[in-house]
Structure formats: C-alpha cells, structure tokens
Amino acid sequence: MLGSKPINTPMDPNVKLTAVDGEILDDPKTYRRLVGGLNYLTVTRQDIAFSVSLVSQFLATPRITHWNVVIRILRYLKGALGRGGFSDPDWAGSPIDRRPTTGYYVFLGGNLVSWKSKKQPLVPRSSAKSEYRAMAHATWELMWIRQLLTELGFDYPSSIQLCCDYQAAIHIVSNPVFHERTKHIEVDCNFVREKIQQGLVSTCHVKTGEQLADIFTNSLRNERIQYLCNKLGMIDIYAPT
Numbered sequence: 067m068l069g070s071k072p073i074n075t076p077m078d079p080n081v082k083l084t085a086v087d088g089e090i091l092d093d094p095k096t097y098r099r100l101v102g103g104l105n106y107l108t109v110t111r112q113d114i115a116f117s118v119s120l121v122s123q124f125l126a127t128p129r130i131t132h133w134n135v136v137i138r139i140l141r142y143l144k145g146a147l148g149r150g151g152f153s154d155p156d157w158a159g160s161p162i163d164r165r166p167t168t169g170y171y172v173f174l175g176g177n178l179v180s181w182k183s184k185k186q187p188l189v190p191r192s193s194a195k196s197e198y199r200a201m202a203h204a205t206w207e208l209m210w211i212r213q214l215l216t217e218l219g220f221d222y223p224s225s226i227q228l229c230c231d232y233q234a235a236i237h238i239v240s241n242p243v244f245h246e247r248t249k250h251i252e253v254d255c256n257f258v259r260e261k262i263q264q265g266l267v268s269t270c271h272v273k274t275g276e277q278l279a280d281i282f283t284n285s286l287r288n289e290r291i292q293y294l295c296n297k298l299g300m301i302d303i304y305a306p307t
C-alpha cells in the first residue's frame, strides 16, 4: 500500500456487493485479517463504519470484488490518516438479502460517545418498520448510557432527544393508538413509546440533509462524507492550521 494513490471516499456509491460476483480469493485469511483490523479501527473512525460493516458480511467466502473494496478503504485511510442520538436506516439496502442497515450515534455534552452501523437481522415489510428498529436500537443505547451516568453519580434530569428524519415514524410513535396497518411494528414502537411516556426520551425531526447517521447506512460521495465528518466533530490532526 506504500505506493498506492490515496482516494477521497472509502467506497464507490455505485458499487453493490453480492456474495456471488467475482472470483473466490485464493487466500481468504489475508482478507479476514485486514477486515478484522479495519473493524478495530472503526472505534475511532466513524467514516469507515458502513463500508467495513459491508465487507465484514463476506468473511466466509471473500471474492475479488470484496477485496477491491477493502483495498479502497485502505487507500481512503491513507489519504486521511489524522482524522481521528440520531438514528437512521436504509430500507432493503442489501442487494443480497434486502436487509437494511441500522445506523445511530449519540452525543453527550457535544462529544460523540457512541455509534453503530449494523445490518438488521430481518427483512422489514416497510420503511416504517426499518425506521422503528433503528429508533429502538438507538433508544436502548440511550437508556444504557443514561443508566451508566446514574451509576457514576451524574444526574440527568431532562429527557434525551432522539432525532429522526422520518416524520411519519415520529407521528406514529407519539400516537398511543395503533392502527391495523401499523400493528406489524408494535414491539419496537411500544418500547420507544414507553420511554417517551416515562419522560426519558423525546423525539424531534431533523431534515434529511442534516441526518448525520447517513454516514453509517450509506456509501456516500466525497462532499457528503466531508460534511458529515465535520458535523460529527472529526478533524484531521495533520491538516495545516
């Protein structure tokens, strides 16, 4: 990689990985080691969380197409070495099994303290169900962080904001009455609604363009990545001042 040319995005937005395209790698162990190292790196590099989550799905039988994406991630990192609670899903985003990716992040005192990019275990029947699963996962994380702060002796009297760019989801989760067409999302919705009624969580709408969790659910172009990284508080420590 020493002689490789840096690139400004970890993944081409037009690339859709599948389990069957391309030749099988002769040495899958190298692929697994690299992906394992990249997974560790996502602890401090949120900008590669989605891409690494994607290539991690092909550890059993990696192919040349998957390897090329791993190399692209490394080239992206080479060009940004110093770059050191919202929720959002993509609906049916995987061309392999149509399972969406959940993405969320949590700010505490202006600092990013938690984030996740993970494929949902089941195929949702609607974008609403995908959204509620993302909201539920984010709410679980918020409750865990709140409990941790309480045990450490920090009082957090106000409700925690859970922001979402899907207004229909916010409306339904605030409505105590379930309609026939929304019964399939009852479990996730009830969990979020319960925390709202207890005053632990409050919902708010964020414009799609300001949805920072997009970086955890989509392959994006350079301008969008730079914008979201800046909003998340990621800086390049090697950039000239």
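Taking the working numbering, the leading residue of the sequence shown gets 67, the next gets one more, and so forth. The beta-carbon is built from N, C-alpha and C at its ideal position, and this holds for glycine as well.
Worksheet item: Would you report the Cα separation of residue 100 and residue 83, rounded to the nearest angstrom?
Response: C-alpha separation (whole angstroms): 18 angstroms.
Fill in: For residue 171, three-class secondary structure by DSSP
In the structure shown, residue 171 sits in a strand (DSSP, three-state: E or B).
Discussion item. Looking at the strands, I want to know which residues DSSP matches up with residue 227.
Written reply: Assignment of beta-bridge partners to residue 227 by DSSP yields 268.
Discussion item. Does residue 221 come out as helix, strand or coil in the three-state DSSP assignment?
Written reply: Here residue 221 sits in coil by DSSP.
Discussion item. Let me make sure I understand the geometry here. Which of 131, 140 and 129 has the alpha-carbon closest to that of residue 108?
Written reply: Minimum Cα-Cα distance from residue 108 among the listed residues 131, 140 and 129 corresponds to 140.
Discussion item. For residue 178, list the residues DSSP reports as bridge partners.
Written reply: Beta-bridge pairing links residue 178 to 173.
Discussion item. With distance defined between alpha-carbon atoms, name the residue in 261, 138 and 112 nearest to residue 201.
Written reply: Looking at 261, 138 and 112, the one whose alpha-carbon comes closest to that of residue 201 is 261.
Item to complete: Measure the CB-CB distance between residue 73 and residue 138 and report whether it falls below 8 angstroms.
Response: Cβ distance < 8 angstroms, so residue 73 and residue 138 count as in contact.
Discussion item. I'd like to know if the region 269-279 and the region 113-133 are in contact, where contact means that at least 3 CB-CB pairs between them fall below 8 angstroms.
Written reply: Contact annotation: the region 269-279 does not touch the region 113-133, with fewer than three C-beta pairs closer than 8 angstroms.
Discussion item. Less than 7 angstroms between C-beta atoms, sequence neighbours within five positions excluded: which residues of the same chain meet that for residue 215?
Written reply: So the list reads 222, once near-sequence residues are dropped.
Worksheet item: Looking only at C-alpha atoms, which of 265, 177 and 196 sits nearest to residue 225?
Response: If we check each option's Cα against that of residue 225, 265 comes out closest.
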